[in-house]
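Here's the structure, in structure tokens; my notes come after.
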Amino acid sequence: MVTDVNDCAPEFFQDSYNISISESASFGSFILRVTATDNDTDINRVIKYSIKKDDENSTDYFHIDEKEGSIYLKQSLDHETRPFHHVVLEATDSGLPPLSTTTHLWITVLDVNDNAPKFEQSSYSCWLSEDAERGQFVTMVTATDPDIVDHSRLVYGITGGNAQQMFDINSKSGIIIVSNLNKLTTVHEHVLNVSVSDGVYTSFSRVRIEMVSTNRHNPVFEKLQYDGRILENQLSGTLILRVQAIDNDTGPYGEVSYSIPSKKMSKIFNINNITGEIISRMPLDREETSLYEISVLACDQGARCGYTLVRIRVSDENDNSPRFLLPEYKTCIHSSLPVNTGFLTVKAVDDDQEPSGQITYSINDIEPSDITKLMTVNKYTGALVLLKTVESLKNNVYQFFIRATDSGTPPRQSDVPIELFVLSPEDLPPVFLQEDQKFNLTENSPIGTIVTTVKLVSEVETKYKITASDETAKLFTINDKGQITVTGLLDREKQAFHILGVFAYTESSPPLTALTEVYVKVLDENDNAPEFDNDFYNAKISEAIAEGTVVVKTRAIDLDEGKNGEIKYLINSKSNVPFVIDQYSGSISVSVSNLDREVKSSYTFDVMAFDSGTPSFNSTVKVHISLVDYNDNPSRFSQDSYAASVEEDSLPGTVVVQLTLVDDDNELPATLMYHIRDGDMHSKFAIRSTGEVYVANTLDRETLDSYQLSILVTDGTYVSTTQLHITVTDVNDEKPYCLHHRYRRMLSEGVPIGNFLLKIEARDADLNPKLRYYLTGYGAEHFSLDIDTGLLKTAVALDREKQSRYNLEAHVQDREKSEWECVSKVEITMLDINDNAPLFISNNNNTASLSEDAQIGTIVIKMHATDADIGLNRKLKFSLQDSADNHFIISPDSGIVTLAKKLDRETCETYNITVKAIDHGSPPLSSLTQLTVIVLDVNDNPPIFVQRTYYATVSEIAPIDTEVTRVLATSLDSGKNAEVMYSIAGGNEHNKFSINPETGVISVFEMLDYERVRDYLLTIQATDLGEPPLSNQALVNITILDANDNAPIFGQLAYTTQISEDVHIGEVVIKVSATDLDSELNGKIRYALVKGDHHQQFSIDLFTGNITVAKPLDREQISTYNLQIRATDSGVPELMSFALVQVQVNDVNDNPPLFSQHNYSAFVHEDKKTWLDCLPTLCDRCRLGTKWWTIHF
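Each step along the sequence shown adds one to the number in my numbering, with nothing skipped, and position 579 is 581.
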């Protein structure tokens, strides 16, 4: 009775099933029943059905009865989510191991109306120009319905936000247009509620229509003039005021940006371009400029601008001290001068404003004295008045200071020296004819011009001297006759007034002095040309600007005064320009009403500023005005029609074509909106704001293979249309599936290469399926599966002995989508033929050894052989082809070789025997091998060295394992008796060397040192491996060679010495010395001076180390030298070390003292106490800190 094994897999009646079901089918609905059969018996034929798990989650939607094969709906289906389902069914038997097979179930889901239409956007936004006309396109809303049957039933409407009936919508296309202009522009935006209905369901969306400004308004400042104040000397960044301009436009045209056009003013002030806040860029000085007038410009994003004037006054703070008009005052009074009589008036001015600039005068004597009892000064006028009689003070000289103090907080002050001489009755002082004189000079007065001649009423011999500020003193001089002349170039713009104090004095001691003041006013000459506050004026204006609008304000300044400083402006251009300039203000305005950027985009011309002086001076500046584009031309498609293609599997977002626009304006409007007006009922495409047409929803070429789209673009003002034809190309979107789950074949191993086995069958629903067949599994390379046809053939000669069974998988793969593939199993069983000869197994290389005294019958070796075939093809028989003169025999079945005759090594040392193995196949196959039998010897000869004594040399720096020499010993015996092992028997107490026991190579074991041991005598022993072992000895004499492994060493790390700075050149300063443990050249030392001698004032002997003076020394320049000395040996490589030598230079008296200044000056009152310190002076070169004090009168 034959017992069944599970060797048959279940088989379905069909390789695939197709069925349709409505998406409205309820849970539990019966779909289909499948059946499979199994040719096995009993439990091996009991089948269970199942649904294989896959990426589509089929087990979530369907259920199969595992016993009956009935398939039921597990949950509701949705055509809109998945119109098709592919389910793989599996039938598995109950055998051990279980076998299975599969089939395919294709389910089509039928559509019903169960979805509401849906707008493509939850809300829409668009722009509409303020200049829109009735009937103008506004935007387009589109909706889709997942239900195919409702695509042509959609109806659009406006449900709210359209009370004034300003807009209308096309019920079929969803296009919204302007229907009523009344109140259209009264608000900035309109919001419409729109609806779409398929007759059953309704959806809603919102449309936001933003009214786009056409830049009808210029920015207007709240004030024509702003006034601000800032305290002088404030830190940069101080906020002064804020200007504000209003633009009634919306969007970018209503965004105002502020600027200061004047380059000069923008260096002093900064304005925030967004907030209009003006701050200072630097601390200001009221005394330099007390009022700034700034033109501020406000422009919107459409280049419409407005101007305002900002006047900034700098408030005063007390930052200037009073300044006396003359640097000193000298006068004489008669001893008979009455009390309360004024004799001198001093005058000081303060650049600050009142009250800080209000000055009071007082007497400020450095030392307490009686001067304030003798006289007083009027605190407001500066007049000096006598308080008591000076009759008894004749011939006295008084020196004191008058102090001028301002009224600021804190107060500031300055002093002027006063010298007063009390005359005796007999003294005749000089007296000027006039006390104060005033003169006018033009600023172009040449050097040498006579200002005036001062005259005296007293006839005394006098000399004259001018006292004035430093600047004024350089411009004027006076001779001995009192004639004042100009000695420098006058410049009214730098200083318009000059005050000269003229002293007339006698040559008596003390001199008798008189003072008069001369006032010189410098009259203006036209010597300055007007200067523009900008090097270049650049402005941007809208091409739609109104005639008469000011676009640029030029400004020039002339430092001259009067008519010389009066400026007029004119435009200087070779060609006509559409601008005029106000000749007095420099404001440039538009002179025409039809500027067009598309005709001319910019204008460049010169503006000339000229003064009214004689001769007139002028200057010129470039003005560049660019026209900013205004949307006055429509954007047009560059082509009347476009054509493109797209693959049906393109993902949403895939760009199909780029639409391009042309516009005569400078650039495309930012408000461009694209719409697909017609030809896309299913909303498969959309357009980005960049003009890219892209796939919006999945395509299906089998449903619709082309689209004719009507496309519209609008910027809120203009509308342009074009046509786009899109062809949907077919792509590989169907997966292949295999028709058979398993293939079984039996194959003889002797079949020729290229033998056909079977064809793998598969299906692909694509129009032109591109399938790729390939084979995997262990041994798959032995077969060839045609990549295109699926024909399976043998690729190599097969060998059952290497692989008796193949379990392979045939893959059918989509060439374009490698992840799409199906698999069929291929089972191939190999049948045996006698194609393998016996193969001997080496036993110690088939070599055996016998002692020459071995007994007959001794087993020599057992021969082993195998055969890769099976059955009779692998049964073997052994024989000897050559028995070596009957010395050996072999068992035919076991292969054991035994000794048949006595051996004699002296007669024959080795026997070579041929052994044969043959199988029982048909025809039989055989193989031969060689057996070697060695006759063993007896040990009776010791090893003998080739030399009794060996000589070798090695460097002391040779690395470990360096070979020194090799010894060799041989033995007359053979085998183990002739194998020699080496060892060091003596002379290696420090373990400096080692010997290889097999090769006899002597090598360095530890580092050597020539300075410690220079020679080694080793005793080497050679021992054979016989029983008993024999040995012999030899001597090895090793000489160590010196190497440069020691650097020179100084006797000291640092040396110190002292020398006098007047030491002679060539004199030895110090000697340094170093030693080296190496010998010969390795120990020969050379010295060098490497650092610390920047001026080469020392030298060192190369071999002795003597350091000598090479150049003169000077302690005052360098008092200490830190020399770095290097000692280098002569080995290879060179080694070196360093030492530090400190040389201290001792001082000698070789420098005289020097004063720090050539002249010194000091004031000393004649009534001061004796021994008063007047002028302490330290000399620059005082040896050992000595001070000299010298005063000359």
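Virtual Cβ for every residue (Gly too), placed ideally from N, Cα, C. All of these numbers come straight from a predicted model, not from anything done at the bench.
Taken through DSSP and simplified to helix, strand or coil, residue 876 comes out as helix. Fully contained in the segment 876-921 are the following beta strand (DSSP E) runs of length 3 or more, in chain order: 878-882, 890-892, 898-901, 912-921. For residue 899, the CB contacts under 6 Å within the same chain, skipping 5 residues up- and downstream, are 862, 863, 890, 892 in chain order. Non-local beta-carbon contacts of residue 1038 in its own chain, meaning distances under 6 Å to residues more than five positions away in sequence, involve 952, 1020, 1022 in chain order.
The shortest CA-to-CA distance from residue 1089 to any of 1107, 968, 1099 is the one to 1107. Residues 941 of the same chain have their beta carbon placed closer than 8 Å to that of residue 1030, with the five preceding and five following residues left out of the count.
Fewer than three Cβ pairs drawn from the segment 578-594 and the segment 343-358 lie within less than 8 Å of each other, which leaves the two stretches out of contact. Leaving aside the five residues that flank residue 633 on each side, the residues in its chain whose CB is nearer than 7 Å to its CB run, in chain order, 667, 671, 717, 719.
The beta carbons of residue 773 and residue 817 sit about 7 Å from each other, so the pair counts as a contact at 8 Å.
By the C-beta density criterion, residue 787 is buried, having at least 16 other C-beta atoms within 10 angstroms. Counted as a single uninterrupted DSSP element, the stretch harbouring residue 373 is not any beta strand (DSSP E) but the alpha helix (DSSP H) occupying residues 373-376. Within a 10 Å sphere around the beta-carbon of residue 382 sit fewer than 16 other beta-carbons, which makes this residue exposed.
Residue 309 and residue 299 have their C-alpha atoms roughly 5 Å apart.
With fewer than 16 neighbouring CB atoms inside 10 Å of its own CB, residue 538 falls in the exposed class.
A Cβ-Cβ distance of about 4 Å is found for the pair residue 89 and residue 107, placing them in contact under the 8 Å criterion. For the 7 Å CB-CB criterion, residue 884 and residue 920 do not form a contact.
In the three-state scheme derived from DSSP, where H, G and I count as helix and E and B as strand, residue 724 is classed as strand.
By the Cβ-count criterion, residue 269 is exposed, with fewer than 16 other Cβ atoms from all chains shown falling within 10 Å of its own Cβ.
In the three-state scheme derived from DSSP, where H, G and I count as helix and E and B as strand, residue 44 is classed as helix.
For residue 438, there is no enclosing alpha helix (DSSP H); the residue is found in the beta strand (DSSP E) stretching over 438-444. Taken atom to atom, the span from the alpha-carbon of residue 191 to that of residue 695 is near 28 Å. Cα atoms of residue 1078 and residue 1048: separation of roughly 6 Å, rounded to the nearest angstrom. Between residue 1099 and residue 1086, the CB-CB gap reaches or exceeds 7 Å. Closest option to residue 351, judged by alpha-carbon separation, among 322, 337, 365: 322. Residue 1160 counts as exposed, since fewer than 16 other beta carbons sit within 10 angstroms of its beta carbon. The C-alpha of residue 967 lies about 40 Å from the C-alpha of residue 909. Given a length threshold of 3 residues, each whole run of the beta strand (DSSP E) inside the segment 345-408 is given here in chain order: 362-366, 377-379, 385-388, 399-407.
For secondary structure counted as the alpha helix (DSSP H) over 4 or more consecutive residues, the segment 230-278 holds these complete runs in sequence order: 265-270. In chain order, 958 place their CB closer than 7 Å to the CB of residue 1011, counting only its own chain and leaving out the 5 sequence neighbours on each side. The Cβ atoms of residue 769 and residue 732 sit closer than 7 Å to each other. Note that the segment 593-602 touches the segment 540-550; at least 3 beta-carbon pairs, one per stretch, sit closer than 8 Å.
The secondary-structure analysis by DSSP pairs residue 505 across a beta bridge with 467, 517.
According to DSSP, residue 108 shares a beta bridge with 20, 88. Pairwise C-beta distances place the segment 84-99 out of contact with the segment 125-132, as fewer than three of them are shorter than 8 Å. Counting C-beta pairs with one atom in each stretch, the segment 133-145 and the segment 40-55 have fewer than three that are closer than 8 Å, which means they do not touch. Here residue 1033 carries a strand assignment [DSSP, helix/strand/coil].
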